[in-house]
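First the structure, in the form of structure tokens, and then the observations on it.
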Amino acid sequence: MLLSSKLQANCTIAKFILQQTFKKRPCSVLYSTVCYGRIQASIWQFIEMQSDKSEIIHTRLIDLGYYIYQILKHDFILSSASQFEVRKNCFSCTTFLKKDKVYPNSLEAVKDIPSGATLLVGGFGICGTPAGLIKALVQTKVKDLTIISNNCGLENFGIGWLLTNRQIKRMVSSYVGENEEFMRQYKNGELELEIIPQGTLAERIRAGGAGIPAFYTPTGRSTLIEEGGWPIKFKKEGGVMMISEGKERRNFNGTPYIMETAIRSDFSLIKAFKADRSGNLIFRKSARNFNPPMCKAGTISIVEVEELVEVGDLDPENIDVTGIYVDRIVKSNYEKPIENLILSAKNLEINPSSEIHHRIARRAVVEFKKGMYVNLGIGIPSICASYISKDMDVTFQCENGVLGMGPYPMKDEEDADLINAAKESITVLKGASYFSSDESFAMIRGGHLDVAVLDGMQVSQYGDLANWLNPKQMTKGMGSSMDLVSSLNSRIIVCMEHLTPDGEPKIVQSCELPLTGEKCVDMIITERCVFTVDKLNGLTLVELGDNVTIENVIESTGCEFQVADVVMPMKDIN
64 MLLSSKLQAN
74 CTIAKFILQQ
84 TFKKRPCSVL
94 YSTVCYGRIQ
104 ASIWQFIEMQ
114 SDKSEIIHTR
124 LIDLGYYIYQ
134 ILKHDFILSS
144 ASQFEVRKNC
154 FSCTTFLKKD
164 KVYPNSLEAV
174 KDIPSGATLL
184 VGGFGICGTP
194 AGLIKALVQT
204 KVKDLTIISN
214 NCGLENFGIG
224 WLLTNRQIKR
234 MVSSYVGENE
244 EFMRQYKNGE
254 LELEIIPQGT
264 LAERIRAGGA
274 GIPAFYTPTG
284 RSTLIEEGGW
294 PIKFKKEGGV
304 MMISEGKERR
314 NFNGTPYIME
324 TAIRSDFSLI
334 KAFKADRSGN
344 LIFRKSARNF
354 NPPMCKAGTI
364 SIVEVEELVE
374 VGDLDPENID
384 VTGIYVDRIV
394 KSNYEKPIEN
404 LILSAKNLEI
414 NPSSEIHHRI
424 ARRAVVEFKK
434 GMYVNLGIGI
444 PSICASYISK
454 DMDVTFQCEN
464 GVLGMGPYPM
474 KDEEDADLIN
484 AAKESITVLK
494 GASYFSSDES
504 FAMIRGGHLD
514 VAVLDGMQVS
524 QYGDLANWLN
534 PKQMTKGMGS
544 SMDLVSSLNS
554 RIIVCMEHLT
564 PDGEPKIVQS
574 CELPLTGEKC
584 VDMIITERCV
594 FTVDKLNGLT
604 LVELGDNVTI
614 ENVIESTGCE
624 FQVADVVMPM
634 KDIN
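Read in this note's numbering, the sequence shown has 443 at position 380, and its numbers run on one by one without any break.
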């Protein structure tokens with residue numbers, strides 16, 4: 064096979080470096096991490112020997128790492144694990160020598176990612192997803208990947224491409240959504256799933272990038288997250304092959320917390336709006352989401368950008384992530400679809416089947432007071448935003464990184480970089496701000512929200528909530544729910560229909576479904592009534608819906624409750 068002059072030169076350089084590195088050492092040194100430091104020292108020695116150092120420094124030394132890896136792989140018998148370690152470290156010890164971080168295309172930027180690698184992949188739904196890098200990774204045909212990402216994309220976009228191509232061994236996510244192919248592979252034992260609350264996922268990644276090995280959080284206590292037992296992998300013939308382990312609990316100031324460990328990855332695939340050639344990044348609107356913390360937690364961070372400018376063209380005041388965290392940059396104007404395009408209507412149209420949902424949402428809005436910061440969950444809670452008047456002065460927070468959410472956009476005003484937690488197109492109001500997912504959950508866990516409105520599958524008489532997993536239905540994940548119900552000082556309102564589709568009560572003596580949180584609910588609003596919740600004494604009926612009697616509520620509720628001295632008609636917005 065004829066080699067280009069550049070390829071021949073790089074192979075010669077690689078062989079020289081290996082000769083210098085191992086001339087006095089046996090081959091077994093390859094199994095030691097000392098090997099990588101010596102390779103690095105030999106590279107520096109080679110550079111010092113050159114008369115024209117600028118030329119070699121400007122060379123793509125990451126390619127040199129590739130040739131070193133190939134020689135090691137073919138000249139010595141290495142296990143797959145050893146090959147991966149050699150490859151990863153050859154690249155990491157040569158990457159920093161590259162002055163130019165810019166790659167010509169996505170395929171060049173990801174071609175060294177090996178099978179078995181662990182990847183952090185940015186995005187929330189498909190917003191802020193590094194689609195060009197993922198598409199290139201599909202072309203490399205690597206397999207057995209561990210993908211850490213908030214979601215698993217769609218079947219025909221983003222991480223869903225890797226899933227359909229059977230390149231993923233394990234997904235680590237908080238919400239897998241509506242991807243039926245994902246569920247098919249998971250239920251058939253073809254795919255592992257580690258489920259993590261969204262805020263915990265964000266903080267574990269942030270901690271990894273900051274060099275913090277572990278931390279304590281209230282999120283997930285008294286649930287499957289703390290207790291363990293989540294089915295990570297099923298057997299193909301049926302039954303569970305692998306389950307999650309429990310967490311360590313510790314009390315601080317009388318409050319229980321569980322320990323979570325940091326997350327780092329071999330590679331991070333990141334989507335940013337703009338970068339300069341040194342790697343300084345600027346993100347756009349809610350497309351930042353998980354991208355900033357993930358960029359900092361990757362051994363090698365590869366960033367896909369829409370705009371690339373020269374060093375010095377970006378105002379230092381506007382930089383979101385500094386270039387020290389970025390190893391590779393590629394410009395790629397890949398398509399940016401909107402997962403759930405919802406447009407504003409001048410007159411809110413309500414079909415009969417959803418009328419009770421709107422009635423429940425309007426009652427919840429009555430609880431909002433001027434100056435409040437409110438988080439709305441998916442489902443019925445998301446309808447609340449449609450009933451906020453301009454003079455109400457309530458600020459909505461979206462956990463994907465928006466404070467000051469506005470109504471749905473008018474036609475042609477939608478923006479693929481601006482969505483809410485339900486992945487719907489939105490607008491923002493004056494005074495709005497954008498931030499990363501780790502910052503968002505610092506707001507939530509830190510008790511800076513006044514109210515969180517959530518949907519529910521079951522609520523117990525003492526305020527336990529189950530709203531993330533029903534074994535009879537498609538697994539989706541808890542998303543942000545566990546973080547929200549663990550929030551300090553935030554009031555939790557659950558909005559749901561009173562009965563299941565099968566006519567069973569959703570308000571019960573004790574939750575049979577896996578818990579989202581223990582004794583966390585403050586108010587329950589259904590189409591039939593309103594309950595206040597006392598964590599020690601139970602429920603009190605305070606309001607009745609139209610044409611509903613106390614006897615109706617007793618018959619349709621699965622637990623005992625107290626009745627207020629005066630039961631009012633269900634309130635509505637003016």
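Glycine included, each C-beta is placed from N, C-alpha and C at the ideal position. Model, not experiment: these values are computed from the prediction.
Minimum length 4: unbroken alpha helix (DSSP H) runs contained in the segment 432-474: Runs found: 443-446.
Three CB pairs or more closer than 8 Å across the segment 375-388 and the segment 196-213: no
Delimiting residues of the alpha helix (DSSP H) encompassing Met246: As a first step, residue 246 is located in the sequence shown; it is residue number 183 there, counting from the start. Secondary structure note for Met246: its alpha helix (DSSP H) is the uninterrupted segment Glu243 to Lys250.
Residues bridged to Tyr497 [DSSP beta-bridge criterion]: Translated into positions along the sequence shown, residue 497 becomes position 434. Per the DSSP secondary-structure output, Tyr497 pairs in a beta bridge with Val465.
Distance, Glu398 Cα to Lys198 Cα: Counted from its first residue, the sequence shown places residue 198 at position 135. Counted from its first residue, the sequence shown places residue 398 at position 335. Taking the straight line from one Cα to the other gives about 12 Å.
Beta carbon of Arg269 nearer than 9 Å to that of Lys394: Numbered from 1 along the sequence shown, position 206 holds the residue referred to as residue 269. Numbered from 1 along the sequence shown, position 331 holds the residue referred to as residue 394. It is not a contact, given that the beta carbons lie outside the stated cut-off.
Other residues of its chain near Ile295: CB distance less than 7 Å, five sequence neighbours each side excluded: Counting from 1 along the sequence shown, the entry for residue 295 is found at position 232. Closer than 7 Å at the Cβ level, and outside the excluded window around Ile295, lie Glu255, Leu256, Glu257, Met305, Ile306 and Ser307.
Inter-residue spacing [alpha-carbon to alpha-carbon] between Thr227 and Gly221: By 1-based counting over the sequence shown, the position of residue 227 is 164. By 1-based counting over the sequence shown, the position of residue 221 is 158. Cα to Cα, the separation comes out at about 10 Å.
Cβ shell of Pro577 (< 8 Å), same chain only, five flanking positions each side left out: Counted from its first residue, the sequence shown places residue 577 at position 514. Answer for Pro577: Thr286, Leu287, Ala529, Trp531 and Leu532, listed in chain order.
Buried/exposed call for Val522, threshold 16 Cβ in 10 Å: Working through the sequence shown from its first residue, we reach residue 522 at position 459. By the neighbour-count rule (16 or more Cβ atoms within 10 Å), Val522 is buried.
Leu547 in three-state terms, based on DSSP: In the sequence shown, counting from the first residue as 1, residue 547 sits at position 484. Collapsing the DSSP output to three states places Leu547 in a helix.
Per-residue DSSP class, three states only, for Ala484: Along the sequence shown, read from residue 1 onward, the residue named residue 484 stands at position 421. Correct three-state label for Ala484: coil.
Leu371 and Ala338 closer than 9 Å at C-beta: Here the question's residue 371 lines up with position 308 in the sequence shown. Here the question's residue 338 lines up with position 275 in the sequence shown. Taking 9 Å as the Cβ cut-off, Leu371 and Ala338 qualify as a contacting pair.
Beta-carbon proximity list for Lys232, same chain, < 7 Å, skipping 5 on both sides: Mapped onto the sequence shown, residue 232 falls at position 169. Same-chain partners within the cutoff: Asp207, Leu208, Thr209 and Glu255.
Among Ala194, Asn414, Ala485 and Ile441, the one whose alpha carbon lies nearest that of Glu402: Counting from 1 along the sequence shown, the entry for residue 402 is found at position 339. Each of Ala194, Asn414, Ala485 and Ile441 was checked against the Cα of Glu402, and the nearest Cα belongs to Ala485.
Three-pair Cβ contact test at 8 Å for the segment 469-486 versus the segment 170-188: yes
In DSSP terms, what Thr324 is bridged to: As a first step, residue 324 is located in the sequence shown; it is residue number 261 there, counting from the start. BP columns for Thr324 point to Ala277.
Integer Cβ distance of Asn438 from Leu264, believed to fall under 8 Å: Working through the sequence shown from its first residue, we reach residue 438 at position 375. Working through the sequence shown from its first residue, we reach residue 264 at position 201. Contact flag wrong, Cβ pair sits at about 17 Å.
The segment 459-472 contacting the segment 612-632, beta-carbon criterion three pairs below 8 Å: Short answer: they don't touch.
Where Ser656 falls: helix, strand or coil (DSSP): In the structure as shown, the chain starts at 64 and stops at 637, and residue 656 therefore has no counterpart that could be examined.
Rounded C-alpha distance that separates Asp513 from Ile363: The residue given as residue 513 occupies position 450 in the sequence shown. The residue given as residue 363 occupies position 300 in the sequence shown. So the two alpha carbons sit approximately 39 Å from each other.
Residues of its chain near Val386, where Cβ-Cβ distance is below 6 Å and the 5 sequence neighbours each way are ignored: Against the sequence shown, residue 386 aligns to sequence position 323. Reading off the sequence shown, one finds Gly at residue 386, where the question assumed Val. Cβ neighbours of Gly386 within its own chain (closer than 6 Å, five residues either side excluded): Ser341, Gly342 and Asn343.
Glu244: CB within 8 Å of a non-hydrogen atom of the ligand ZN: Absent from the structure shown: the ligand ZN. Ligands present: none.
Glu323 versus Thr612 - alpha carbon distance: For the purposes of this step, residue 323 is taken as the residue at position 260 of the sequence shown. For the purposes of this step, residue 612 is taken as the residue at position 549 of the sequence shown. Cα to Cα, the separation comes out at about 47 Å.
Three-way DSSP call (helix, strand, coil) for Arg391 in this model: Taking the sequence shown and counting its residues from 1, the one referred to as residue 391 is at position 328. In this structure, Arg391 counts as strand in the three-state DSSP scheme.
Asn214 to Trp224 span [Cα, whole Å]: Along the sequence shown, one-based indexing puts residue 214 at 151. Along the sequence shown, one-based indexing puts residue 224 at 161. Looking at the two C-alpha atoms, the distance is approximately 13 Å.
Per DSSP, the bridge partner or partners of Cys558: Walking along the sequence shown from the start, residue 558 turns up at place 495. Cys558 pairs with Ile588.
Length of the line joining the Cα atoms of Ala335 and Gln460: Position 272 of the sequence shown holds residue 335. Position 397 of the sequence shown holds residue 460. Roughly 22 Å separates the two Cα atoms.
Where the alpha helix (DSSP H) through Ile613 begins and ends: Counted from its first residue, the sequence shown places residue 613 at position 550. Looking at the DSSP string, the run of the alpha helix (DSSP H) that includes Ile613 is Ile613 to Ser619.
Reduced DSSP secondary structure (H/G/I, E/B, other) of Thr362: By 1-based counting over the sequence shown, the position of residue 362 is 299. Reduced to three states, the DSSP call for Thr362 is strand.
Thr209, enclosing beta strand (DSSP E) - first and last residue: Reading the sequence shown from its first residue, position 146 is the one you call residue 209. First-last of the beta strand (DSSP E) with Thr209: Leu208 to Ile211.
Gln202 - containing alpha helix (DSSP H), residue span: As a working note, residue 202 is residue 139 in the sequence shown. First-last of the alpha helix (DSSP H) with Gln202: Ala194 to Thr203.
Beta-ladder partner(s) of Met234, from DSSP: Residue numbering aside, residue 234 sits at position 171 when the sequence shown is read from its first letter. For Met234, which the question treats as bridged, DSSP gives the partners Ile210 and Leu256.
Cβ-Cβ separation, Pro276 to Ala325 (assumed contact under 8 Å), whole Å: The residue you call residue 325 lines up with position 262 of the sequence shown. The residue you call residue 276 lines up with position 213 of the sequence shown. Confirmed, about 5 Å.
Anticipated Cβ contact below 8 Å, Ser544 with Gly440, distance rounded: Here the question's residue 544 lines up with position 481 in the sequence shown. Here the question's residue 440 lines up with position 377 in the sequence shown. Sure, about 7 Å apart at Cβ, within 8 Å.
Local conformation of Val516 per DSSP, three classes: By 1-based counting over the sequence shown, the position of residue 516 is 453. Three-state DSSP puts Val516 in a strand.
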